[in-house]
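Here the structure comes first, spelled out in structure tokens, and everything after it is commentary.
2 protein chains.
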Amino acid sequence: MNGWEKTVRIAIDAMGGDYAPQEIVQGALLARAQLGVDIVLVGSAEAILPELRRHNAAQSVEIVDAPEQVGMGEEPTIVRRKPNSSIMVTMDLVKQGRAEAAVAAGNTGAAMAAALFRIGRLPGIERPAIGAMLPTLKLGKRVLLLDVGANTDSRPRFLEQFALMGALYSRYVLGVAEPKVGLLNIGEERGKGNELVADAYEMLVNNPHVPFAGNCEGRDVMTGRFDVVVCDGFMGNVLLKFAEGVGLVALQILREELPRGIPGKIGIALMRNNLGQVKQRMDYAAYGGGLLLGVNGVCIIAHGSSKAQGILSAIRLAKEALDNRVLERIQQQLILPM
Amino acid sequence: MNGWEKTVRIAIDAMGGDYAPQEIVQGALLARAQLGVDIVLVGSAEAILPELRRHNAAQSVEIVDAPEQVGMGEEPTIVRRKPNSSIMVTMDLVKQGRAEAAVAAGNTGAAMAAALFRIGRLPGIERPAIGAMLPTLKLGKRVLLLDVGANTDSRPRFLEQFALMGALYSRYVLGVAEPKVGLLNIGEERGKGNELVADAYEMLVNNPHVPFAGNCEGRDVMTGRFDVVVCDGFMGNVLLKFAEGVGLVALQILREELPRGIPGKIGIALMRNNLGQVKQRMDYAAYGGGLLLGVNGVCIIAHGSSKAQGILSAIRLAKEALDNRVLERIQQQLILPM
């Protein structure tokens, strides 16, 4: 942060995810100390206050009371009936300009619904998209997959906008210098696929703002060849959940095969730590969370199982998005003829 | 096999896959000995003959010479320009009644194209489908996923027919007593998903011949909850290839994490055999191959990396399909009002 930037203020839903409010509050305080951001905690004041006191921060951090909550398993549309839920109030703060970005953990679909009800779409964006990050073959490199479920039906034009937004988020939020965008398809060649993707391909090739690198087959999603992969929300949602399932199967195979025989049992004992790492990296479900792209505000959703470090990371992403004016950049590219 | 059944005769493409013709010929001879089937080997006579001689079987097994070949990487439509390829001649034998089923290894798309050109669709089937088998969390249990790429666009009625065919193949070829059919979707509840699957759901619920067990989310494909999962060919193809990619990522994670430190290196040495098993089970690509459903003949495609045992298994599936009159059963259910 340089001296000319003003301090950004981020609204944090303190009640979402498995470890709320303890880990959320702790992560928010870490962000405040390490990133120099202002934070507003949204949720049950009775639950948040003791956590702040424990960290001697009750006098320096604002709380906005929101008595209702939206659970992980609830349908996104539930937010309509819970206007005082922490996720809705968090979005309210952004809408009212009392915060510049929203960070929440947990139910991504509900967060998207709340963002749309409260903040709305970016002008010019026809459909918002949920972006998810998946691991790749390259250590430390992730791929941004979108849309993973904001929409059930899609049109070529939507995919084009997803590609544009994905490229900007990859570059200015995730820090990829020259992002490569792929279009999820059943073959590499131009002209492959169903009508939707064949038409989208032509739009992507002809859009100078999209760093389009061609079709991405299913097996290439996680090779690291692409930084951003676009698909319709139905496909993306199935794929994301499928990845979680495949990760579980992989872990199950390890559990069944590794301990066989006495050498296996000794080996397991020796490799306890290494296996812990394997488990962590294969638990694709833990890569969850996401970016809400195309809403008229910066909204980052951490995975429901996030602890303080995960919340800190999500807040860092929100700050990157603000510092790099991602929303303005999207708008600029929408104004130009596409 | 009981005394009343006549010996079935199966045409085998001896030139497909990574280990042709040696392993194909060996697998075919195993099937002949163990399953009591007649076999016809199709391909380059010069290549097949020495293999038969090696097994002292040159006098007892027929060869049909087919000089051309279709490679793994070739587009399915190439078969049009290679009428004398082993896969096309294999299908010719079925068409002419000189064999009752076709077995090949390798390029499933090309095999489907050849089957359609030569044998055609089963009367009443609007679109054929390629079925693939994936491993599940339950040891030894697989799930039949279809369509994995015979069609790029789909209609609800096609999915209904896929479900019907998948259930019959699951029961009478794969030996699942009471197969459960799932519809791949983004949520479990009725009414979820895009127009295609929402409409297909209603058709499946109302079809008394389909043992429909509801929507199957991405994460449930490999849990073993369903025996058959239906989806459009675009989705299925992406998913199948994605599973291969995820398997590779999982193996890569093992390679990177397990050997860390001295205990890790000792552990690896101790677990060599167990890790070999893990590798084999996680190599989802090796689960490839498939069933061609909806063509007017029994066609089983083994994976391109199949050795003799894989070919034997594929021939066993073909025999099961013939013995259990799967094609007639599909026809019967199509005649009834759907």
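Sequence lines, in order, name chains A and B. Residues in the first sequence are numbered from 1 upward in steps of one, following the working numbering. Residues in the second sequence are numbered from 1001 upward in steps of one, following the working numbering. Don't be surprised by glycine CBs; every beta carbon is placed ideally from N, CA and C.
Distance between residue j and residue i (C-alpha atoms, nearest Å)
{"i": "G1017 (chain B)", "j": "E1100 (chain B)", "result": "22 Å"}
{"i": "A58 (chain A)", "j": "M91 (chain A)", "result": "23 Å"}
{"i": "A1321 (chain B)", "j": "G224 (chain A)", "result": "41 Å"}
{"i": "D153 (chain A)", "j": "L1317 (chain B)", "result": "38 Å"}
{"i": "N1296 (chain B)", "j": "V1064 (chain B)", "result": "22 Å"}
{"i": "L1291 (chain B)", "j": "L291 (chain A)", "result": "39 Å"}
{"i": "E62 (chain A)", "j": "A113 (chain A)", "result": "25 Å"}
{"i": "A1014 (chain B)", "j": "V1148 (chain B)", "result": "24 Å"}
{"i": "L1183 (chain B)", "j": "E1195 (chain B)", "result": "13 Å"}
{"i": "Y1019 (chain B)", "j": "I1300 (chain B)", "result": "17 Å"}
{"i": "G310 (chain A)", "j": "V89 (chain A)", "result": "22 Å"}
{"i": "K1279 (chain B)", "j": "K6 (chain A)", "result": "53 Å"}
{"i": "E1188 (chain B)", "j": "L254 (chain A)", "result": "29 Å"}
{"i": "H252 (chain A)", "j": "L1258 (chain B)", "result": "The sequence shown places Gln at residue 252 (chain A), rather than the His named in the question. Cα to Cα, the separation comes out at about 16 Å."}
{"i": "I1335 (chain B)", "j": "R1329 (chain B)", "result": "10 Å"}
{"i": "N1084 (chain B)", "j": "S1044 (chain B)", "result": "10 Å"}
Contact with chain B by residue i, beta-carbon distance below 8 Å
{"i": "D227 (chain A)", "result": "no"}
{"i": "F158 (chain A)", "result": "no"}
{"i": "M271 (chain A)", "result": "yes"}
{"i": "R80 (chain A)", "result": "no"}
{"i": "L254 (chain A)", "result": "yes"}
{"i": "I12 (chain A)", "result": "no"}
{"i": "L137 (chain A)", "result": "yes"}
{"i": "A250 (chain A)", "result": "yes"}
{"i": "M241 (chain A)", "result": "Just to set this straight, residue 241 (chain A) is Lys in the shown sequence, not Met. Cβ-Cβ to chain B under 8 Å: yes for K241 (chain A)."}
{"i": "P263 (chain A)", "result": "yes"}
{"i": "N274 (chain A)", "result": "yes"}
{"i": "R54 (chain A)", "result": "no"}
{"i": "M1 (chain A)", "result": "Because the pLDDT of M1 (chain A) is 45, which lies under 50, any placement of that residue in the model is unreliable, and the question is left without a value."}
{"i": "E328 (chain A)", "result": "no"}
{"i": "L258 (chain A)", "result": "yes"}
{"i": "F212 (chain A)", "result": "no"}
Residue j beta carbon less than 8 Å from that of residue i
{"i": "G179 (chain A)", "j": "A167 (chain A)", "result": "According to the sequence provided, residue 179 (chain A) is Pro. The question's Gly does not apply to it. It is a contact, given that the beta carbons lie within the stated cut-off."}
{"i": "A129 (chain A)", "j": "M72 (chain A)", "result": "no"}
{"i": "G218 (chain A)", "j": "N1237 (chain B)", "result": "yes"}
{"i": "A47 (chain A)", "j": "P67 (chain A)", "result": "no"}
{"i": "R1281 (chain B)", "j": "P1135 (chain B)", "result": "yes"}
{"i": "A11 (chain A)", "j": "V70 (chain A)", "result": "no"}
{"i": "S313 (chain A)", "j": "A105 (chain A)", "result": "no"}
{"i": "E1160 (chain B)", "j": "N1107 (chain B)", "result": "no"}
{"i": "F242 (chain A)", "j": "V1221 (chain B)", "result": "yes"}
{"i": "R1127 (chain B)", "j": "A1111 (chain B)", "result": "no"}
{"i": "V1037 (chain B)", "j": "K1319 (chain B)", "result": "yes"}
{"i": "S86 (chain A)", "j": "V42 (chain A)", "result": "yes"}
{"i": "V103 (chain A)", "j": "A302 (chain A)", "result": "yes"}
{"i": "G294 (chain A)", "j": "L122 (chain A)", "result": "yes"}
{"i": "H209 (chain A)", "j": "Q331 (chain A)", "result": "no"}
{"i": "L239 (chain A)", "j": "L1239 (chain B)", "result": "yes"}
{"i": "V1326 (chain B)", "j": "Y1169 (chain B)", "result": "yes"}
Interface flag, residue i vs chain A, CB-CB below 8 Å
{"i": "T1223 (chain B)", "result": "yes"}
{"i": "I1039 (chain B)", "result": "no"}
{"i": "N1207 (chain B)", "result": "no"}
{"i": "E1195 (chain B)", "result": "yes"}
{"i": "F1162 (chain B)", "result": "no"}
{"i": "G1071 (chain B)", "result": "no"}
{"i": "L1029 (chain B)", "result": "no"}
{"i": "E1244 (chain B)", "result": "yes"}
{"i": "D1018 (chain B)", "result": "no"}
{"i": "T1277 (chain B)", "result": "Note on residue identity: the sequence assigns Gln, not Thr, to residue 1277 (chain B). At least one chain A Cβ lies under 8 Å of Q1277 (chain B)."}
{"i": "V1230 (chain B)", "result": "no"}
Cβ distance (whole Å) where residue i is taken to contact residue j below 8 Å
{"i": "I186 (chain A)", "j": "F1234 (chain B)", "result": "6 Å"}
{"i": "V1230 (chain B)", "j": "V1173 (chain B)", "result": "The Cβ separation is near 16 Å, so there is no contact."}
{"i": "L146 (chain A)", "j": "F162 (chain A)", "result": "5 Å"}
{"i": "D1227 (chain B)", "j": "V1298 (chain B)", "result": "20 Å between Cβ atoms; not a contact."}
{"i": "A308 (chain A)", "j": "G27 (chain A)", "result": "4 Å"}
{"i": "G247 (chain A)", "j": "N1274 (chain B)", "result": "Between N1274 (chain B) and G247 (chain A) the Cβ distance is about 20 Å, and since that is not below 8 Å, they are no contact."}
{"i": "I1315 (chain B)", "j": "L1035 (chain B)", "result": "7 Å"}
{"i": "E1256 (chain B)", "j": "L139 (chain A)", "result": "7 Å"}
{"i": "G1267 (chain B)", "j": "G267 (chain A)", "result": "4 Å"}
| task | Note down, in chain order, all residues in the region 1115-1126 of chain B with a beta-carbon under 9 Å from any beta-carbon belonging to chain A. | result | none
| task | Please list the residues of the region 1171-1203 of chain B that have a C-beta atom closer than 7 Å to any C-beta atom in chain A, keeping them in chain order. | result | L1184, I1186, G1193, N1194 and E1195
| Chain-ordered residues of the region 84-118 of chain A with a beta carbon less than 9 Å from chain B | none
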